[in-house]
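Asks: One structure, pasted below without further comment.
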Amino acid sequence: MAVSDPYLHPESTERVFYQSRGGFDSFNSIGKVPLGLKRKGLRIVVTGGAGFVGSHLVDRLMARGDSVIVVDNFFTGRKENVMHHFGNPRFELIRHDVVEPLLLEVDQIYHLACPASPVHYKFNPVKTIKTNVVGTLNMLGLAKRIGARFLLTSTSEVYGDPLQHPQVETYWGNVNPIGVRSCYDEGKRTAETLTMDYHRAAGVEVRIARIFNTYGPRMCIDDGRVVSNFVAQALRKEPLTVYGDGKQTRSFQYVSDLVEGLIRLMEGEHVGPFNLGNPGEFTMLELAQVVQEQLTQMQR
């Protein structure tokens with residue numbers, strides 16, 4: 001699979017403005033403040049905001065009346081994911097790589113920027129860990145300078161190949177620091193360390209979310225994750241590939257539930273780390289059956 005690599009040809013920060021496409025009007029009452037109450041809109045930056053999860057978070061923040069700045073280098077993010085906000089005066093899109101410093105004035109920072117699928121982070125492992133470490137360092141430095149609250153989106157992958165099921169936040173994991181996935185796993189572990197160090201040493205208000213498997217609209221069908229693989233194979237009318245006996249279990253949460261959790265964590269008093277996932281689990285055989293049944297019904 002050929003993947004274009006913007007990191008080989010770095011571009012300077014680019015602020016992008018677009019004409020309105022009327023997409024904002026499609027939102028309903030989600031996030032609206034009850035009549036008679038006034039909520040002061042916040043100024044929020046979302047790194048990786050043009051990606052799968054980030055764009056859904058941006059939708060929620062825009063719908064509740066916040067001003068949102070999306071920072072994305074478009075390695076895995078797509079302008080199409082946020083296009084419906086173009087022209088809205090409360091929305092700004094900045095093409096920028098977080099490994100380079102950025103100065104903004106905001107109230108909150110949601111730091112999502114990092115390739116999160118095996119296809120993408122294995123393509124450029126050095127850049128992946130650099131994004132996790134240097135990018136997080138830059139955004140924490142920004143939070144310290146301007147007094148913003150900072151939320152790091154970490155991952156359940158920090159638990160490695162866990163020997164404890166389910167994993168609680170106090171579990172330290174069973175990890176491999178030299179494996180082919182370690183650029184992502186160890187990068188996130190280091191990002192968590194930096195986040196807690198800035199909290200303890202510099203008084204930065206931080207939140208840490210450990211995200212488990214997530215699915216929903218705007219997923220890349222070729223991102224190498226199991227839901228995407230099953231859907232792609234089913235659409236091509238191919239047999240679904242299940243490895244081993246298929247009894248391995250995973251939890252899967254819908255993206256809107258994850259976004260709700262991220263917002264509640266940011267607004268709450270819990271520093272973290274905090275697991276965000278579905279407590280229910282599917283075996284791979286059960287997941288394959290659900291995907292096959294759903295697509296069969298849609299194609300009738």
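So for the sequence shown, UniProt numbering puts the first residue at 1; every next one is plus one.
Even glycine gets a Cβ: it sits at the ideal position worked out from N, Cα and C.
This one's a predicted model, so the numbers in the text were calculated from it and none came from an experiment.
In whole angstroms, what separates the C-alpha of Val-204 from that of Leu-57?
Replies: As a working mapping, residue 204 is identified with position 204 in the sequence shown. As a working mapping, residue 57 is identified with position 57 in the sequence shown. Each residue's alpha carbon lies about 22 Å from the other.
Asks: Determine, for Glu-100, whether the minimum Cβ-Cβ distance to residues of chain C falls below 7 Å.
Replies: Protein chain content of the structure displayed is limited to a single chain, and chain C is not contained in it.
Asks: My parser needs the alpha helix (DSSP H) runs of 4 or more residues fully inside the segment 170-205; what are they?
Replies: 182-202
Asks: At which residue ranges does the segment 213-281 contain complete beta strand (DSSP E) runs of 3 or more residues, listed in the order of the chain?
Replies: Along the segment 213-281, the beta strand (DSSP E) occurs as fully enclosed runs of 3 or more residues at 274-276, listed in sequence order.
Asks: Could you check if Val-168 is buried or exposed, using at least 16 other CB atoms within 10 Å of its CB as the buried criterion?
Replies: Start at 1 with the first residue of the sequence shown, and residue 168 comes out as number 168. Counting Cβ neighbours within 10 Å, Val-168 comes out exposed, since fewer than 16 surround it.
Asks: Going by the beta-carbon positions, is the gap between Thr-190 and Val-133 smaller than 7 Å?
Replies: The count along the sequence shown starts at 1 and reaches residue 190 at position 190. The count along the sequence shown starts at 1 and reaches residue 133 at position 133. Going by C-beta atoms, Thr-190 is nearer than 7 Å to Val-133.
Asks: For a test of the three-state rule: what should DSSP assign to Leu-160, helix, strand or coil?
Replies: As a working note, residue 160 is residue 160 in the sequence shown. The sequence given here places Gly at residue 160; Leu does not occur at that position. In this structure, Gly-160 counts as strand in the three-state DSSP scheme.
Asks: Apart from the five residues on each side of it in sequence, which residues of its chain come closer than 6 Å, Cβ to Cβ, to Arg-149?
Replies: What you label residue 149 is simply residue 149 of the sequence shown in a count that begins at 1. If we look at Arg-149 and ignore the five residues flanking it on each side, its Cβ neighbours are Gln-108, Glu-205.
Asks: Tell me, which residues are paired with Ala-209 by DSSP?
Replies: Within the sequence shown, numbered from 1, the residue matching residue 209 stands at position 209. Bridge partners of Ala-209: Thr-153, Phe-274.
Asks: Going by C-alpha to C-alpha distance, which of Glu-286, Pro-115, Ile-208, Glu-157 sits closest to Asp-245?
Replies: To locate residue 245, count along the sequence shown from 1; it is residue 245. Checking every option, the nearest Cα to that of Asp-245 belongs to Glu-286.
Asks: May I have the straight-line CA-CA distance separating Phe-24 from Leu-163, to the nearest angstrom?
Replies: As a working mapping, residue 24 is identified with position 24 in the sequence shown. As a working mapping, residue 163 is identified with position 163 in the sequence shown. Since pLDDT at Phe-24 reaches only 31, below the 50 mark, its modelled position is unreliable, and no value is offered.
Asks: In terms of alpha-carbon separation, which member of Thr-76, Ser-67, Thr-153, Glu-293 lies closest to Phe-91?
Replies: Taking the first residue of the sequence shown as position 1, residue 91 is located at position 91. Nearest of Thr-76, Ser-67, Thr-153, Glu-293 to Phe-91, Cα basis: Ser-67.
Asks: According to DSSP, what are the bridge partners of Ile-146?
Replies: Taking the first residue of the sequence shown as 1, we reach residue 146 at position 146. DSSP, once it has assigned bridges, lists no residue as partnering Ile-146.
Asks: Which residue comes first and which comes last in the beta strand (DSSP E) that contains Gln-108?
Replies: Looking up residue 108 in the sequence shown gives position 108. Its beta strand (DSSP E) spans residues 108-111.
Asks: Alpha carbon to alpha carbon, how far is Glu-225 from Val-290?
Replies: Numbered from 1 along the sequence shown, position 225 holds the residue referred to as residue 225. Numbered from 1 along the sequence shown, position 290 holds the residue referred to as residue 290. The question names Glu, but residue 225 in the sequence shown is Arg. Roughly 16 Å between the two C-alpha positions.
Asks: How long is the line joining the alpha carbons of Val-271 and Ala-209, rounded to whole angstroms?
Replies: The residue you call residue 271 lines up with position 271 of the sequence shown. The residue you call residue 209 lines up with position 209 of the sequence shown. When rounded, the distance between both Cα atoms is 9 Å.
Asks: In this structure, how does DSSP classify Phe-123 when only helix, strand and coil are distinguished?
Replies: Position 123 of the sequence shown, counted from the first residue, corresponds to residue 123. Under the three-state reduction of DSSP, Phe-123 is assigned to helix.
Asks: Quick check on this structure: which residue in Lys-127, Pro-177, Glu-269, Pro-239 has the alpha carbon closest to the alpha carbon of Phe-75?
Replies: Within the sequence shown, numbered from 1, the residue matching residue 75 stands at position 75. The shortest Cα separation from Phe-75 among Lys-127, Pro-177, Glu-269, Pro-239 belongs to Lys-127.
Asks: Would you mind working out which of Phe-52, Gly-41, Lys-40 sits nearest Asp-222, comparing C-alpha positions?
Replies: Mapped onto the sequence shown, residue 222 falls at position 222. If we check each option's Cα against that of Asp-222, Phe-52 comes out closest.
Asks: For Gly-179 and His-165, what's the separation of their Cα atoms in angstroms?
Replies: If you number the sequence shown from 1, residue 179 lands on position 179. If you number the sequence shown from 1, residue 165 lands on position 165. Between Gly-179 and His-165, the C-alpha separation is close to 22 Å.
Asks: Between Tyr-184 and Asn-73, what straight-line distance do the alpha-carbon atoms span, to the nearest angstrom?
Replies: As a first step, residue 184 must be located in the sequence shown, where it is residue number 184. As a first step, residue 73 must be located in the sequence shown, where it is residue number 73. Going by the C-alpha atoms only, they are around 18 Å apart.
Asks: Note down the Cα distance separating Phe-27 from Phe-282, rounded to an integer number of angstroms.
Replies: As a first step, residue 27 must be located in the sequence shown, where it is residue number 27. As a first step, residue 282 must be located in the sequence shown, where it is residue number 282. Note that Phe-27 scores a pLDDT of 34, beneath 50, so its modelled location is shaky; the value from the coordinates is reported in the next line. About 32 Å.
Asks: In or out: Pro-89 buried (at least 16 other Cβ within 10 Å) or exposed?
Replies: On the sequence shown, residue 89 is found 89 positions in, with the first residue counted as 1. Label assigned to Pro-89: exposed.
Asks: Please report the residue range of the beta strand (DSSP E) in which Phe-91 lies.
Replies: The count along the sequence shown starts at 1 and reaches residue 91 at position 91. Element bounds for Phe-91: 91-95.
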